[in-house]
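Just below is one structure, and these are the notes that go with it.
Protein chains: 2
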Amino acid sequence: MIFTKPTIPAGTRDFTPPEMIRRNYIFSNIREVFKLFGFLPIETPAMENLTTLLGKYGEEGDKLLFRILNSGDFLGKIDQNLLIKKESHRLSNSISERGLRYDLTVPFARFVVQHRNEINFPFKRYQIQPVWRADRPQKGRYREFYQCDVDTIGSNSLLNEVELIKIIDMIFNRLQIRVNIKLNNRKILAGIAEVIGEADKITEITIALDKIDKIGKEKVIEELIHRGIQNESIIKLNPLFEMSGSTVEKISFLEKYLVDSTTGCSGINELKTVFGLLSTYEIKNSVELDLTLARGLNYYTGAIIEVKAIDMEIGSVCGGGRYDDLTGIFGMPGVSGVGISFGADRIYDVMQHLNIFPSEAESTTQIMFVNFGEKETEALLPLLSKLRLAGVSTEIYPDPVKFQKQLGFANANHIPFVALVGEQELAKGLVTLKNMNAGSQEQLTIDKILERFKASSI
Amino acid sequence: MIFTKPTIPAGTRDFTPPEMIRRNYIFSNIREVFKLFGFLPIETPAMENLTTLLGKYGEEGDKLLFRILNSGDFLGKIDQNLLIKKESHRLSNSISERGLRYDLTVPFARFVVQHRNEINFPFKRYQIQPVWRADRPQKGRYREFYQCDVDTIGSNSLLNEVELIKIIDMIFNRLQIRVNIKLNNRKILAGIAEVIGEADKITEITIALDKIDKIGKEKVIEELIHRGIQNESIIKLNPLFEMSGSTVEKISFLEKYLVDSTTGCSGINELKTVFGLLSTYEIKNSVELDLTLARGLNYYTGAIIEVKAIDMEIGSVCGGGRYDDLTGIFGMPGVSGVGISFGADRIYDVMQHLNIFPSEAESTTQIMFVNFGEKETEALLPLLSKLRLAGVSTEIYPDPVKFQKQLGFANANHIPFVALVGEQELAKGLVTLKNMNAGSQEQLTIDKILERFKASSI
Chain D
967 MIFTKPTIPA GTRDFTPPEM IRRNYIFSNI REVFKLFGFL PIETPAMENL
1017 TTLLGKYGEE GDKLLFRILN SGDFLGKIDQ NLLIKKESHR LSNSISERGL
1067 RYDLTVPFAR FVVQHRNEIN FPFKRYQIQP VWRADRPQKG RYREFYQCDV
1117 DTIGSNSLLN EVELIKIIDM IFNRLQIRVN IKLNNRKILA GIAEVIGEAD
1167 KITEITIALD KIDKIGKEKV IEELIHRGIQ NESIIKLNPL FEMSGSTVEK
1217 ISFLEKYLVD STTGCSGINE LKTVFGLLST YEIKNSVELD LTLARGLNYY
1267 TGAIIEVKAI DMEIGSVCGG GRYDDLTGIF GMPGVSGVGI SFGADRIYDV
1317 MQHLNIFPSE AESTTQIMFV NFGEKETEAL LPLLSKLRLA GVSTEIYPDP
1367 VKFQKQLGFA NANHIPFVAL VGEQELAKGL VTLKNMNAGS QEQLTIDKIL
1417 ERFKASSI
Chain B
967 MIFTKPTIPA GTRDFTPPEM IRRNYIFSNI REVFKLFGFL PIETPAMENL
1017 TTLLGKYGEE GDKLLFRILN SGDFLGKIDQ NLLIKKESHR LSNSISERGL
1067 RYDLTVPFAR FVVQHRNEIN FPFKRYQIQP VWRADRPQKG RYREFYQCDV
1117 DTIGSNSLLN EVELIKIIDM IFNRLQIRVN IKLNNRKILA GIAEVIGEAD
1167 KITEITIALD KIDKIGKEKV IEELIHRGIQ NESIIKLNPL FEMSGSTVEK
1217 ISFLEKYLVD STTGCSGINE LKTVFGLLST YEIKNSVELD LTLARGLNYY
1267 TGAIIEVKAI DMEIGSVCGG GRYDDLTGIF GMPGVSGVGI SFGADRIYDV
1317 MQHLNIFPSE AESTTQIMFV NFGEKETEAL LPLLSKLRLA GVSTEIYPDP
1367 VKFQKQLGFA NANHIPFVAL VGEQELAKGL VTLKNMNAGS QEQLTIDKIL
1417 ERFKASSI
């Protein structure tokens, strides 16, 4: 037999222990904060019926779904002509009824409708699971990646937006990543489009405005003309180009600018409520109004949220907004929700780049006992038990091999303490404890060891 | 548009919050114990190349693999004749190159070979991920389910077996499930077959022996004859039928019985070492030798381990053993390993049946504040912040709706405490705290609330 080195599919990843420990550090911080705010976990299956998934992500999205081949004799009932014509697209719908989850939003909507009678609304749920997309793999873009979603559904209260922003603040504080939290509101964008007489051109206007810092006012105007905005509309837009100052100043400017648009005024009132509540909430990161935020304009109906890392140039690390009809696609209309999603892969990249993973995210074992042979091992087992019952991660090297080899293992696995209990130590009831970082060592009684590590593990 | 109630594929499951909280209780106990023993986490992709998976689970297993349809124009290069003949089986290999993970063992073997230069051997890894099998769905059998595997690879030391048994003991102690831990050793079974002159009939002999309690000695002998065991061999087997007593007595009996088989003696020595080490290790559950344990006879080469719940009739809740050539299938021979796998779904069923989930596995939020309106909410936010910073899961009902509705929500979500801060309380700096289980209520200062919940969350 000839063996080739095994590989995994393009765009997927193995996670080795050092990567897993750091990833788990991120996930458990995110999960803990979700729980601290009273959000409840759900999980949905990796596979959904294609009827659930198709048509929800646009034509491009449909192409990016991973489809599961039906089991058994899947060709049996297929029309011969379809096969001869080699119509891959039409055939795939006949030989495949299930697809892999593409995001957590559509499965969540399906879940809410399916379990509507078991759910207590307002439903505050979080969901941390992988999703799959048949995208062309490239640096930083994977075919399997985790999403961490948190949503409140069935409540119109703006307190929900405020709680989500506080969640963002607390998570990034914990991870020690400095961020800018940017807020926008679709109603304000709609108001602007209305006020300048281009109600149907929200997206074009927002996208053009987004470029003002990069390309300047002149070029933006060129682009607006190119995108079919009337001259007199552009003139009405002019005051917006000049808008500056703090968020408070911007809001007060917009309040006058949008006075003739009911939608616009309602957007302003929402912003004022949100910023008002935030001001009593000790937010550590900056939260600012950003009119150019155009994320998800085709489904968000109120707040739009985006979070950028300050100390590294990278896409957004978190984003979301309010949607008014998530479950309508499954026949349950009029349920409003608001949610955000954290990008664990980007957060990982930021933390690696800034080298801010704490040392507890580098290892799991706190103390490794050297293996001197069967007699010494047997004497050690009760101590191992006690340490573990006290919550101290403890291991003993499994084979009585050379000391240097065992030390090398501890070193490679970043284990901070190595304990030696040879014949001499055994006779005296002592343990020689080696601090692998400091290089120092000392002799302690077994009770002392227990005491010291117990304290450090709490 | 007509909507039909959305569903999920047969054999898959949604997990609602109450289920998730209980499942997470099981998973986090398992994970914590793995960590306490110094095992390191890995994760592998949901999809593997079919070349990795095919032929590893027998012909039946190949049929149970979920295959991913290739993306794009997958029929383009397919031979027309193959299509016209409708050969589903041959075609599926041409239009699908990837499949979903069927277990965690083969991906682990692939991982070890692929990352051999990054791994520090002996490699102690754990892996908790879902697997997928296109089995016919039935009660208790799912097409998507989690496996919790823990293995040490690259060490022959029997200390590894002992550590795994201690892990079993600790996990089931934590979950408060009483279990019988059953041990066998393939070398002993091989020794028995050798001693009676039927070296190639290990499996037949073990399976027949397994039935002695159910069908009695006479029927077992009938079955052995039926399975082609010679008469004189069956006579030699006779003393085994009479074997009884404690594990120590059984081992001492087998030591004499197997004296002429090198393999058998080696198996006995292994058992003696394992039971010897276990005796100093304060194992709370019973560990016994069970010669009829035939689990995985075609791949286990030494220890065989199986765990049964005492208080509920259900299949094994954990099992495993030693294998000598896991990575050989991927071209890296001679690496010995030993591992076990916990069945989270069965453990869940046992705990539900015995009603032993602790109350902390019923809810996440510890205290819910009633929403009396914007002014009261604004005043409360700093307190919410403080409670969360102290590790207390806290929420506020998002809308200022009727008190009874808010109370009903807390009740439905099993939230143990509800706090009321209305206008009166606000003026006095007091909080009315309602104990939802006891039905009692009391007024406390904000500092007192903080103090009480802080203490309870540690």
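Note that the protein sequences, when read in sequence, are chains D and B.
Going left to right, the first sequence walks through residues 967 to 1424 as our numbering numbers them.
Going left to right, the second sequence walks through residues 967 to 1424 as our numbering numbers them.
In this text, a Cβ means the ideal position worked out from N, Cα and C, and glycines have one as well.
- The CB of D:A1012 comes closer than 9 Å to the CB of T978, A1012, L1066, P1096, W1098 and E1110 in chain B, given here in chain order.
- Comparing alpha carbon positions, the residue from B:T1398, B:F1419, B:K1371 and B:I1133 closest to B:L1410 is B:T1398.
- From the listed residues B:K1274, B:L1373, B:T1267 and B:L1416, the smallest Cα separation to B:V1358 is found for B:L1416.
- In the pairwise beta carbon analysis, the stretch 1260-1273 of chain B is classified as not touching the stretch 1158-1166 of chain B: fewer than three pairs are separated by under 8 Å.
- D:K1001 belongs to the set of residues whose beta carbon lies under 8 Å from a beta carbon in chain B.
- Bounds of the alpha helix (DSSP H) holding B:D1028 are G1024 to K1029.
- It is roughly 9 Å from the alpha-carbon of B:G1230 to the alpha-carbon of B:V1161.
- For B:E1014, the enclosing beta strand (DSSP E) starts and ends at M1013 to N1015.
- By the Cβ test, the stretch 1349-1366 of chain B is in contact with the stretch 985-1002 of chain D, since at least three Cβ pairs between them sit closer than 8 Å.
- Residues of the same chain with a CB within less than 8 Å of the CB of D:I1187, apart from the 5 flanking positions on each side, are I1200 in chain order.
- By the criterion of at least three beta-carbon pairs nearer than 8 Å, the stretch 1046-1057 of chain D is in contact with the stretch 1024-1043 of chain B.
- Any Cβ of chain B closer than 8 Å to the Cβ of D:N1403 would place that residue at the interface, and such an atom is absent.
- Assignment of D:A1327 by DSSP, reduced to helix, strand and coil, places it in the helix class.
- Here D:A1385 is actually not in contact with D:M1402; their C-beta atoms are around 11 Å apart, not less than 8 Å.
- Nearest C-alpha to D:D1413 among D:N1379, D:P1382, D:L1350 and D:A1378: D:L1350.
- The Cβ atoms of D:L1243 and D:V1116 do not sit closer than 8 Å to each other.
- Counted as a single uninterrupted DSSP element, the stretch harbouring D:N1264 is not any alpha helix (DSSP H), since DSSP gives it neither H nor E.
- Think of a sphere of 9 Å around the beta carbon of D:I1008: the chain B residues whose beta carbon falls inside it are D980, F981, T982, P983, E985 and M986, in chain order.
- Under the 8 Å criterion on CB atoms, B:G1388 is classed as non-interfacial with respect to chain D.
- B:D1179: member of the alpha helix (DSSP H) spanning I1178 to H1192, first to last residue.
- Contact between the stretch 1064-1082 of chain B and the stretch 1009-1019 of chain B is established, with three or more Cβ pairs separated by less than 8 Å.
- Taking a 10 Å sphere around the C-beta of D:I974, we find 16 or more other C-beta atoms and assign the residue as buried.
- Relative to the Cα of D:D1290, the nearest Cα in the group D:N1122, D:I987 and D:I1085 belongs to D:N1122.
- Taking C-beta separations shorter than 8 Å and ignoring five residues to either side along the sequence, the partners of D:F1323 in its chain run R988, Y991 and M1317, following chain order.
- CA-to-CA, the gap between B:L1224 and D:C1114 works out to about 58 Å.
- Membership of D:M1334 in the beta strand (DSSP E) is indicated by the continuous run I1333 to F1335.
- Taking the beta carbon of B:A1378 as reference, the chain D residues within 8 Å of it are N1086, listed in sequence order.
- For B:Q1046, the enclosing alpha helix (DSSP H) covers residues Q1046 to I1050.
- Under the three-state reduction of DSSP, B:D1166 is assigned to helix.
- DSSP places D:P1366 in the coil class of the three-state scheme, outside both helix and strand.
- By the Cβ criterion, the stretch 1251-1258 of chain D is in contact with the stretch 1172-1185 of chain D, since at least three pairs of Cβ atoms, one from each stretch, lie closer than 8 Å.
- When C-beta atoms of the stretch 1327-1343 of chain D are compared with those of the stretch 1380-1396 of chain D, three or more pairs fall below 8 Å, so the two segments count as touching.
- Chain order gives the chain D residues near B:Q1080 as K971, P972, T973, I974 and D980, where near means a beta carbon separation below 9 Å.
- Around B:R1076, the beta-carbon contacts reaching into chain D at under 7 Å are P972.
- The C-beta distance from B:L1346 to B:V1387 rounds to 6 Å, short enough to meet the 8 Å contact threshold.
- Look at B:V1116 here: in three-state DSSP terms it is strand.
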